[in-house]
Amino acid sequence: MSGLFDGLGRLDLDAHARRWSAAGTDDAHGGVSQWVAAAQQFAARIQADPAGVSDEQWRSIAEAWTALLAAAERATGTQRNEWLLRDLWLRSWLVQEVGPRADVPLFDPGPVLERALDAMPMSPEEAAELAPRWRELAHAQMRALRMIRLLLAPVHALARLLADHPRWREFEAYQRLAGELP
């Protein structure tokens, strides 16, 4: 396992997919900076030429990306939604660049909305009550309001594709608060 983070910058997209889909990542350890570097390098390879990737490659990339983020979270914890936010932003970017596709999970805008809403640290009603006076709040409450803002952004970029989603109204309740959030 010691070589897991070696040569990340030299790996091509398929090599990243092979490395992170390996069963050996189940017990992987490493520091936050190592996992951040791994996620950044893999995402950079994915974003370099999304149009030149075959459907078969997309399926292996989707599995490897999910495995990488799961291993990072197991090894380091949630890191204030670091791994979730990386996932939401990559998926949002891919849907915008390549378009939605039902046959490739990374190109489905629905999970971006659903996972963002599931991660909201408080209800829209509670956020509406706290947001106008966020400067007066305890740091934990300020961070929670800031997290709402961070979770809204990748979904907002996909708004035109999600207007018919069953949870869209829930998103809109949070989105109405965006201007008041820290």
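According to numbering that gives the first Met the number 0, the sequence shown is numbered sequentially starting from 0.
Yeah, the Cβ is synthetic: ideal placement off N, Cα and C, and Gly gets one too.
Computed from a predicted model, the values in this text were never measured in an experiment.
Q: For Arg101, I'd like the list of residues in its chain whose CB is within less than 8 Å of its CB, leaving aside the five on either flank, ordered along the chain.
A: Looking at the sequence provided, one finds Ala at residue 101 rather than Arg. Here the set comprises Asp107.
Q: Specify, as a first and last residue, the run of the alpha helix (DSSP H) that Val35 falls within.
A: Val35: member of the alpha helix (DSSP H) spanning 31 to 47, first to last residue.
Q) Nearest to Pro165 by alpha carbon, out of Pro110, Gly6, Arg142, Ala139? A) The closest CA to that of Pro165, considering only Pro110, Gly6, Arg142, Ala139, is found on Pro110.
Q) Just checking my contact of Ala61 with Thr24 at CB under 8 Å: how many whole Å lie between their CB atoms? A) In fact, because the Cβ distance is near 15 Å, the residues do not count as touching under 8 Å.
**Q.** Residue interval of the alpha helix (DSSP H) (run including Gly109)
**A.** Here the alpha helix (DSSP H) through Gly109 covers 108 to 117.
Q. DSSP on Val154, reduced to helix/strand/coil?
A. Under the three-state reduction of DSSP output, Val154 falls in the helix class.
Q) If we ignore side chains and look at the alpha-carbon of each, how far apart do Leu12 and Leu144 end up? A) Computed Cα separation, rounded: 36 Å.
(Q) For His138, count the other beta carbons within 10 Å of its own beta carbon; 16 or more makes it buried, fewer makes it exposed. Which is it? (A) It counts as exposed.
Q. Are the segment 124 to 136 and the segment 78 to 85 in contact at 8 Å, needing three or more beta carbon pairs?
A. Too few Cβ pairs lie closer than 8 Å, so no.
Q.
If I follow the unbroken alpha helix (DSSP H) through Leu89, where does it start and stop?
A. Membership of Leu89 in the alpha helix (DSSP H) is indicated by the continuous run 81 to 97.
Q) Smallest Cα separation from Tyr173: which of Leu149, Arg142, Asp163, Ala21? A) Closest option to Tyr173, Cα to Cα, is Leu149.
**Q.** Reduced DSSP category for Asp5 - H, G, I as helix; E, B as strand; rest coil
**A.** Coil at Asp5, not helix or strand.
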